[in-house]
Amino acid sequence: MAASAKTSTREKPNPTAEWTIVLPRHGKQRRKFPEIKTSEQKDTSWGPSDVETDPEREIKLMRKMQNYIEKLEDSQFYRTFLDQIQTAEMLEYFSKVLGSESSMEMVVYGIGSIESSESSRWQLALAILMKRKFSWIGCMEVFDPVISLSESRVLEALGFSVLSVNEQGRRKATRPTLFFMPHCEAELYDHLLEANWRGGMLNRIVLFGNSFEVYEESLSLCQNSFLVDSTKHMLALKKYRKEFEIRTVSDDYFRAFNGSSWHFFGTVVDEITLQFQSALKMSD
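To convert, count from 1 in the sequence shown and add 3; that's the numbering used here.
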């Protein structure tokens, strides 16, 4: 990925425009997940393409972000979003990912340009509000190749660490990690799953991103070879994941969060256990 990626003027830049797609090499996964080849990819150094700071621009952007955070916090969408997270079922899934840890990292990929994209600002505001609301969310890291120097400084002021390498979505979950990836390209989700396609690591992942069920429906209607290749890990995990679709509630946030879901992985044993417990209750 080139280090000189320029900020796009589109509503939300294509987050994979400069993310190299790597063909998998031979290697075997562990446990009972479907057999998929894995690959390793070295990180690529990155830095904003602009080299000069603009304090006035940063102040303006910070004020804009604060306004978006306040508006989102006071919205019905956010209240509905929190209600869903705090249901007993979802809290149980989060708890299982945490295990014995007291917090999980938040890694934000593909957020786009918060200066030029309204959707990006809503999405970032949601990540910030989650951090403020839940004590079990720890440090926050962010990366997108279109981030400018001014945006980088504002992100740091908002509590994020801006990554200096392009991980290409291949972060290994060595500890519980929440990957916040709304409206990313399919390849990035697949890269993340591929990098963690070995015993135990998928169980440490919570993913907020596009609905995998929508990808499955699209492929059932049209067998696009590119989409098949870029979703192979997502599709192979169909029996081993749990998806919770979020509700956008109003048109105000439709563009930023339409088709978004929570994903938890490696849950097949948990589902069998819940069915067994339910059967026991019925027999009482």
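Beta carbons are placed, not taken as given, at the ideal position from N, Cα and C, and that holds for glycine.
State yes or no: is the C-beta of residue i within less than 8 Å of the C-beta of residue j?
| i | j | result |
| --- | --- | --- |
| ALA198 | ARG178 | no |
| ARG124 | MET68 | yes |
| ILE72 | LEU132 | yes |
| VAL209 | PHE97 | yes |
| PHE84 | ILE249 | yes |
| VAL149 | GLY115 | yes |
| SER78 | GLU118 | no |
| ALA130 | PHE182 | no |
| ARG244 | PHE260 | no |
| MET237 | TYR218 | yes |
| ARG201 | VAL100 | no |
Decide if residue i is buried, meaning its Cβ has at least 16 other Cβ atoms within 10 Å, or exposed.
| i | result |
| --- | --- |
| PHE215 | buried |
| ASP193 | buried |
| GLY269 | buried |
| VAL54 | exposed |
| SER203 | Strictly speaking, residue 203 in this sequence is Gly, with Ser absent from that position. Burial call: exposed. |
| GLY102 | exposed |
| LYS242 | exposed |
| PRO58 | exposed |
| GLY212 | buried |
| GLU154 | buried |
| LYS35 | With a pLDDT of 44 at LYS35, under the threshold of 50, the modelled position of this residue cannot be trusted, and the question is left open. |
| VAL165 | buried |
| THR90 | exposed |
| LEU191 | buried |
| GLU170 | buried |
| THR56 | exposed |
| LYS175 | exposed |
Give the DSSP bridge partners of residue i, in chain order.
| i | result |
| --- | --- |
| GLY212 | MET184 and SER264 |
| GLU248 | SER264 |
| MET68 | Answer is none; MET68 lacks a bridge partner. |
| SER48 | VAL168 |
| GLU108 | THR180 |
For this session: Just list the alpha helix (DSSP H) runs in the segment 124-190, keeping only unbroken ones of 4 residues or longer that don't cross its boundaries, in chain order.
Result: 152-160
Exercise. Between the segment 180-192 and the segment 156-165, do three or more beta carbon pairs fall short of 8 Å?
Worked result: no
Problem set entry | Three or more C-beta pairs below 8 Å linking the segment 140-149 and the segment 98-110 | Result yes; three or more Cβ-Cβ pairs closer than 8 Å.
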